[in-house]
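Working notes, beginning with the structure itself.
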Ligand code: TRP
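Numbering (the working numbering), first residue to last: 131 to 471.
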């Protein structure tokens, strides 16, 4: 990928970048909303994906558990089809250019704009005993992640859109002040992206940090667990299997079934017309379990082969570092830092 980015913009593929925080495990929501799309984007773009381990430190973690979660996430991303022969996949903390660029961007970001971020306000309320600097600086690190590689497209969930807006503001401001330096990125919000909801509260997004284990399904769970969770999924009154605003539970299950099988929601409605809720829920659970079975098997294989993961992570980090360094050197020159190169 380092070679292609030397070409003119017409010749080179667009650069796609996204990160994922290593908390919990990859859920059905993450998979359908993000990771499965990342897999598809590898065909058409130069992709950079990383585990946002530095972002995850804004909340207190138990170190040994956190390290395991990070490695587990790496294995899960490989198992979900992120292919290191096509894309870069690494740990954010292994590429120091992310944090280095963040400092310079910090000096070009206003406290006012950072403190206005919705996620900062929400997280400050939720972790009132740990409102650390990192919590407010979180979107500036995200801006550094993105701007470091001159990313064109950034696949994000709707909840991260405001951070992307801030990234764009920082990029434009920097370019105006110091001359053209950064590519101003566009958000890429996939069609089905943000719609997968909790199995226990179908009006809320499925979140990997949900404390209710029955609310989420993970790509590495076994078939029996997945089917059981779907059997327990909260549904709506009535007995019709249709996607409708007053039926958030059934709508969510139809959305999941359609996305996982590649069918449309209308086709799914037709397929289950006349079925009872019970039969339908089991069918959705079985379809999800069948799709996740190979991921679960690959995950176990990768996790058992740490040497392979280390090789991939190191190689990708090295390439990302060399690529990011070019932007960083330019930024340093522009702001007037001395260079003896
Ligand atoms: N903040 C993102 C999230 O929680 C993860 C992330 C970190 C990210 N850096 C990024 C996403 C850069 C896109 C681009 O979902």
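Quick reminder that beta carbons are idealized off the backbone N, C-alpha and C, glycines included.
(request) Determine, using beta carbons only, whether residue 228 and residue 187 come nearer to each other than 8 Å. (result) No; because the gap between Cβ atoms is not below 8 Å, this pair is not in contact.
(message) Please classify residue 255 as buried or exposed, where buried requires at least 16 neighbouring CB atoms within 10 angstroms.
(response) Residue 255 comes out exposed.
(message) Any contact between the segment 357-367 and the segment 168-178? By contact I mean 3 or more CB pairs, one from each, below 8 Å.
(response) Taking 8 Å as the limit for Cβ pairs, the verdict is that the segment 168-178 does not touch the segment 357-367.
(request) Could you tell me which uninterrupted beta strand (DSSP E) segments, each at least 3 residues in length, are contained entirely in the segment 228-288, listed from first to last along the chain? (result) Annotation note: the segment 228-288 contains the following uninterrupted beta strand (DSSP E) runs of length 3 or greater, listed N- to C-terminal: 283-285.
(message) Taking the beta carbon of residue 402 as the centre, do at least 16 other beta carbons fall within 10 Å, making it buried, or is it exposed?
(response) Answer is buried; the Cβ neighbour count reaches 16.
(message) So, with DSSP's three-state summary, where would you put residue 337?
(response) Reduced to three states, the DSSP call for residue 337 is coil.
(message) Taking its Cβ as the centre, do 16 or more other Cβ atoms sit within 10 Å of residue 132, making it buried, or is it exposed?
(response) Residue confidence for residue 132 is low, a pLDDT of 43 falling below 50, so the modelled location carries little weight; the figure read from the coordinates is stated next. Around the beta carbon of residue 132, a 10 Å sphere encloses fewer than 16 other beta carbons of the protein chains shown; the residue is thus reported as exposed.
(request) To the nearest angstrom, report how far apart residue 150 and residue 245 are at their CA atoms. (result) Near 22 Å, if we compare the C-alpha coordinates of residue 245 and residue 150.
(message) Just to confirm the assignment, what range does the alpha helix (DSSP H) spanning residue 214 have?
(response) Looking at the DSSP string, residue 214 is not in any alpha helix (DSSP H), and its letter there is neither H nor E.
(message) Using a Cβ-based criterion (distance less than 7 Å to any ligand heavy atom), does residue 406 qualify as near the ligand PLP?
(response) Inclusion of the ligand PLP in the displayed structure is not the case, the ligand content consisting of the ligand TRP alone.
(request) Would you mind working out which of 145, 268, 241, 385 sits nearest residue 253, comparing C-alpha positions? (result) The residue from 145, 268, 241, 385 with its alpha-carbon nearest to that of residue 253 is 268.
(request) Using only alpha-carbon positions, find the residue among 240, 247, 262, 418 that is nearest to residue 355. (result) Closest in alpha carbon position to residue 355, among 240, 247, 262, 418, is 418.
(request) Kindly indicate which residue of 427, 274, 360, 166 has the alpha-carbon position closest to the one of residue 409. (result) Checking every option, the nearest Cα to that of residue 409 belongs to 360.
(request) Could you tell me if the beta carbon of residue 314 falls within a distance shorter than 7 Å of some heavy atom in the ligand TRP? (result) Residue 314 has its Cβ no nearer than 7 Å to any heavy atom of the ligand TRP.
(request) Return the Cβ separation of residue 325 and residue 385 in integer angstroms, given the expectation that the two are a contact with Cβ distance under 8 Å. (result) The beta carbons of residue 325 and residue 385 sit about 6 Å from each other, so the pair counts as a contact at 8 Å.
(request) Flag this pair as touching only if the segment 279-291 and the segment 309-322 have three or more C-beta atom pairs under 8 Å; answer yes or no. (result) The answer is yes - the segment 309-322 touches the segment 279-291, with three or more Cβ pairs under 8 Å.
(message) Strictly by DSSP, which residues pair up with residue 317?
(response) In the DSSP output, where bridge partners are listed per residue, residue 317 has 284.
(message) Between residue 438 and residue 429, how many whole angstroms is the CB-CB distance? I'm expecting something under 8 Å.
(response) With 8 Å as the limit, residue 438 and residue 429 do not qualify as a contact, their Cβ atoms being about 13 Å apart.
(request) Could you check the C-alpha separation between residue 135 and residue 328 for me, to the nearest Å? (result) Annotation note: pLDDT 49 at residue 135 (below 50); position unreliable, coordinate value reported separately. A direct Cα-Cα distance of roughly 40 Å separates residue 135 from residue 328.
(request) Indicate the three-state DSSP secondary structure (helix, strand or coil) for residue 133 in the structure shown. (result) The pLDDT assigned to residue 133 is 46, lower than 50, so where the model puts this residue is not dependable; a value taken from the coordinates is nonetheless given after this. Residue 133 falls in the coil class under three-state DSSP.
(request) Tell me whether residue 266 is buried or exposed, calling it buried when 16 or more other Cβ atoms sit within 10 Å of its Cβ. (result) Classification of residue 266: buried, given that the 10 Å Cβ count is 16 or more.
(message) For residue 410, would you say it is in contact with chain B, using Cβ-to-Cβ distances shorter than 8 Å as the test?
(response) No chain B appears in this structure, which consists of one protein chain only.
(message) To the nearest angstrom, how far is the alpha carbon of residue 421 from that of residue 382?
(response) Going from the Cα of residue 421 to the Cα of residue 382 covers about 17 Å.
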